[in-house]
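Take a look at the structure below.
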Amino acid sequence: MIEKQVFRNISYGMYLVTTKGDKNGGCIINTLSQVTSENPLVTISLNKNNYTSELVKLNKRFAVSIISEETDNNIITTFGYQTGKTINKFENIAYNEISDLPVVTDKMSAYLICEVVNIVDAETHYIFISRVVEAKMLNDLTPMTYKYYHDVRKGTSPKNAPTFVEEEKIDGYRCPICGYVYDNSKESIKFEELPEDWVCPICMAPKNKFVKLN
Ligand SMILES: Cc1cc2nc3c(=O)[nH]c(=O)nc-3n(C[C@H](O)[C@H](O)[C@H](O)COP(=O)(O)O)c2cc1C
């Protein structure tokens with residue numbers, strides 16, 4: 020038996036992977052791991068359906084911005100809940116061109132520039148084994164952990180994230196814009212009793228847009 024909740028007990032960080040294309044692409048991931056330290060290698064795991072994985076497969080280069088506890092929610096909503104297949108995610112986001120890649124640096128704690136050395140087919144995902152060719156600290160902001168994202172920012176994981184947990188058993192409501200779930204069993208006030216001008220704490224969508232789960 021596989022209890023999906025167990026995967027929430029694995030510790031991760033929060034990262035923004037970005038890369039170049041006719042239309043630049045990028046997505047939020049929690050699945051970055053350092054594999055070796057000398058001449059460092061890292062792995063990232065990207066869903067095959069993501070626009071970003073198409074671009075990374077093509078370019079074999081990408082940047083990783085390490086998200087901090089100060090990073091704006093807007094970055095997570097734009098890059099983690101929408102696809103570059105239908106929108107230009109960089110339209111309203113400030114970024115720098117670094118080593119010929121679009122890199123978001125505002126309120127990020129550090130960034131890496133990586134070159135893909137091997138691609139492993141992992142069923143729904145590709146694992147990109149990649150060489151770090153540049154690594155730069157930007158400030159001393161605390162890097163955001165996946166747990167902080169869930170506990171403090173009250174975020175959820177969209178279906179493409181490997182850690183996605185089924186929500187059909189939750190007594191609550193989901194924001195159709197960013198995927199945030201208001202779980203009645205975890206809050207002191209039931210969703211139904213929140214004032215009508217209450218808005219989504221992640222993306223500010225109005226209460227009346229929320230959809231009841233199950
Ligand atoms: C907290 C969080 C963690 C995520 N982790 C991953 C991940 O590790 N791998 C992945 O492929 N998608 C992950 N996602 C989902 C992608 O960011 C999301 O599907 C995105 O919209 C893909 O955009 P794209 O199609 O423009 O590449 C995560 C999203 C969030 C919010």
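All letters in the sequence shown, in the order written, are residues 20 to 233 by the working numbering.
Virtual Cβ for every residue (Gly too), placed ideally from N, Cα, C.
If you draw a straight line from the alpha carbon of residue i to that of residue j, how long is it in whole angstroms?
i    : j    : result
I117 : A82  : 9 Å
P214 : V171 : 21 Å
L157 : A129 : 5 Å
T50  : L35  : 11 Å
V122 : M33  : 15 Å
R80  : I112 : 20 Å
D91  : K126 : 8 Å
F98  : I29  : 22 Å
D119 : E22  : 43 Å
N137 : S56  : 17 Å
F229 : S149 : 40 Å
K188 : N115 : 43 Å
E88  : D159 : 11 Å
Y168 : I94  : 13 Å
K205 : E212 : 14 Å
Please list, in chain order, all residues of the same chain as residue i whose beta carbon is under 6 Å from its beta carbon, the five residues on each side excluded.
i    : result
G235 : The chain is shown from 20 up to 233; residue 235 falls before or after that span and cannot be answered.
P59  : V151
C219 : C194 and Y199
L74  : T38, G40 and G44
In terms of residues, what are the limits of the beta strand (DSSP E) holding residue i?
i    : result
T97  : Where T97 is concerned, there is no enclosing beta strand (DSSP E), although the alpha helix (DSSP H) it sits in stretches over N92 to Y100.
G191 : G191 to R193
T55  : S52 to T55
D41  : That residue, D41, is in no beta strand (DSSP E); it is neither H nor E in DSSP.
T62  : L60 to N66
Within the continuous alpha helix (DSSP H) that includes residue i, where are the two ends?
i    : result
L213 : L213 -> no alpha helix (DSSP H), and no H or E assigned at all.
Y31  : No alpha helix (DSSP H) contains Y31, which DSSP labels as neither H nor E.
Y70  : Y70 to N78
Could you name the residues of the same chain whose beta carbon sits closer than 7 Å to that of residue i, not counting the 5 residues immediately before and after it, in chain order?
i   : result
T96 : C197, I221 and C222
Between which residues of its own chain and residue i is the CB-CB distance below 8 Å, once the five residues before and five after are set aside?
i    : result
A224 : C194, P195, I196, C197 and V218
**Q.** Inter-stretch contact (C-beta, 8 Å, three-pair minimum) for the segment 130-146 and the segment 56-73
**A.** yes
Q: Flag this pair as touching only if the segment 100-110 and the segment 37-44 have three or more C-beta atom pairs under 8 Å; answer yes or no.
A: With a cut-off of 8 Å, the segment 37-44 and the segment 100-110 count as touching, because enough Cβ pairs lie within range.
Q. If you scan the segment 107-176 from start to end, which runs of the beta strand (DSSP E) of 3 or more residues do you find wholly inside it?
A. 115-117, 120-122, 127-141 and 144-156
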